[in-house]
Amino acid sequence: MCTVCGCGEGETRIEGHGHSSDHSHSHSHDHAHEHDHSHHHHGEHTHDYGQGPAHAHAPGLSQSRMVQIEQDILGKNNEYANANRGYFAEHGILALNLVSSPGSGKTTLLTRSIDDLKAELSLAVIEGDQQTANDAERIRATGVKALQINTGKGCHLDAHMVGHALDGLKPEEGSVLFIENVGNLVCPAAFDLGEAHKVAILSVTEGEDKPIKYPDMFHAADLMMLNKTDLLPYVNFDVDKCIEYARRVNPGIKVIQLSATSGEGLDSWYQWIKATRQVSLIGHSALAASA
Amino acid sequence: MHEMSLCEGVLQVLEQNARSQGYARVKTVWLEIGGLSGVEPEAMRFSFDVVTRGSLADGAKLEIVALAGEAWCMPCAKTVTVQQRYDACPDCGSYQLQVTAGDEMRIKELEVE
């Protein structure tokens, strides 16, 4: 167990993060001060069974009593996410959480984007997969800093893993950080990592009804990228229908159609990144000048 | 199966509160789960039993209070009940809905000793 923050080792492995060693990593996310006391305002008083608990159950002769705690199940994750968000804001980092099903072409899109953008922008990548460091190696081959998180049996990245990864990765001031989540359209929707935007990637080799099959993810995302459009002539995929479905679950979602292979539509994606980065740098006078 | 992680989160909260609230065992946990939260109650029950084994909540009963999904319909300018995120307004059929409630995942209260 990590004595700094109490995190269990479990199955999670973060490159360069040795739990068993000397704990020399500094925790820039200070959880102890992140408590929002409004969550706890019911925590101080307990209901004695003599006064009658809120729920109808027979107290009998047991020592049972009711405790109202009113805490969010994801409260802990959200505290870490807020700490990450603070870190990103302080350093002018634009963090994008890329979510999709496995095989939608996330890593290919990412390596292509990095090759096209690295001359202009400072970039860093956190890769999430259940096993192997293959994806981080693919990213490092482009010359950009990347760190792999293996979630083991876990199906998503959480804010705590990302916080630890930031300690190791140390993205540069004013950089764009891509967090490539575990390929899964269900679980990562619920876990805020502190990112500015979730970006959902859907390829045209999948079903056009995925936005309504997995509504939580497309609801949580701000941008949907329809990837592999070069394959449209060969597959049965109704683009208009897909966009309509996405807008049903999320009327405000933006859509970019692109192909990481042919390069079609990539300009819109880069434009979106740069515009979003400029917005995130408002108030960061020194960094904004370079944007 | 993110219900497993959620249950680990619940157990963490139970353990953290044990000292401040002065209890050694948890007998019942009431959770409020919104209909749009993406949580499957049956998976939650299954994971809860597994995760709490050997802990201070071993054998505890899990009571899930289901909360309805609600959304603000812009054309109707009122709150309507929805079952899914992609539901149309039951009154006017529009998809211009803003979900306002139903994504809760909260530990409401505990029966402890």
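Going down the list, the sequences are from chains A and B.
Numbering-wise, the first sequence is residues 0 to 290 according to numbering that gives the first Met the number 0.
Numbering-wise, the second sequence is residues 0 to 112 according to numbering that gives the first Met the number 0.
Built from N, CA and C at the ideal position, the CB exists for glycine as well.
Chain A places no beta carbon closer than 9 Å to that of Q82(B), leaving this residue out of the contacts.
Judged by DSSP in its simplified three-state form, D86(B) adopts coil rather than helix or strand.
Taking the CA atoms as reference points, S54(B) sits about 35 Å from Q82(B). With respect to chain B, the C-beta atom of C241(A) has no partner C-beta closer than 9 Å. Around the beta carbon of A135(A), a 10 Å sphere encloses 16 or more other beta carbons of the protein chains shown; the residue is thus reported as buried.
Shortest Cα-Cα distance from N183(A) to any of I252(A), K152(A), R84(A) involves K152(A). Contact of K77(B) with chain A is not assigned, every C-beta pair being separated by 9 Å or more.
Identification of chain B residues near D71(A) by a Cβ-Cβ cut-off of 7 Å yields M104, R105, ordered along the chain. Here DSSP, grouped into helix, strand and coil, assigns S202(A) to strand. Around the beta carbon of N235(A), a 10 Å sphere encloses fewer than 16 other beta carbons of the protein chains shown; the residue is thus reported as exposed. Judged by DSSP secondary structure, A67(B) falls outside any alpha helix (DSSP H); it is assigned neither H nor E.
In this structure, the beta-carbon distance from N77(A) to A94(A) does not fall below 9 Å. Between I255(A) and L222(A), the beta carbon gap of about 7 Å places them in contact (Cβ cut-off 8 Å). One Cα belongs to D48(B), the other to K107(B), and the distance between them is close to 18 Å. Contact annotation: the region 212 to 227 of chain A does not touch the region 159 to 167 of chain A, with fewer than three C-beta pairs closer than 8 Å. Using a Cβ distance threshold of 9 Å, C72(B) and D57(B) do not count as a contacting pair. Residue-level contact by beta carbon holds for A87(B) and chain A, with a gap shorter than 9 Å. 9 Å or more divides the Cβ of C88(B) from the Cβ of V98(B). For D229(A), the closest C-alpha among the options T260(A), V238(A), V248(A) is that of T260(A). Listed along chain B is no residue with a C-beta nearer than 9 Å to that of D191(A); the closest approach is about 12 Å.
Between A220(A) and S36(B), the gap from beta carbon to beta carbon reaches 9 Å or more. Nearest Cα to G68(B) within the set R84(B), S93(B), M3(B), V28(B): R84(B). Within the same chain, Cβ atoms closer than 6 Å to the Cβ of G173(A) are found at G91, L286, the five residues on either side in sequence being excluded. Considering only S19(B), L66(B), Q15(B), S4(B), the residue with the shortest C-alpha distance to W29(B) is L66(B). According to the DSSP assignment, A94(A) belongs to the beta strand (DSSP E) that extends over 93 to 99. If you check the CB distance, S99(A) and I242(A) do not come in under 9 Å.
Taking a C-beta distance under 9 Å as the contact criterion, K117(A) and V143(A) qualify as a contact pair.
Per DSSP, reduced to three states, the secondary structure at N249(A) is coil, with no helix or strand assignment. V38(B) and S112(A) have their alpha carbons spaced roughly 34 Å apart. Taking the CA atoms as reference points, Y22(B) sits about 18 Å from L61(B).
Within the region 53 to 66 of chain B, contact with chain A at the beta-carbon level (separation under 7 Å) is assigned to no residue.
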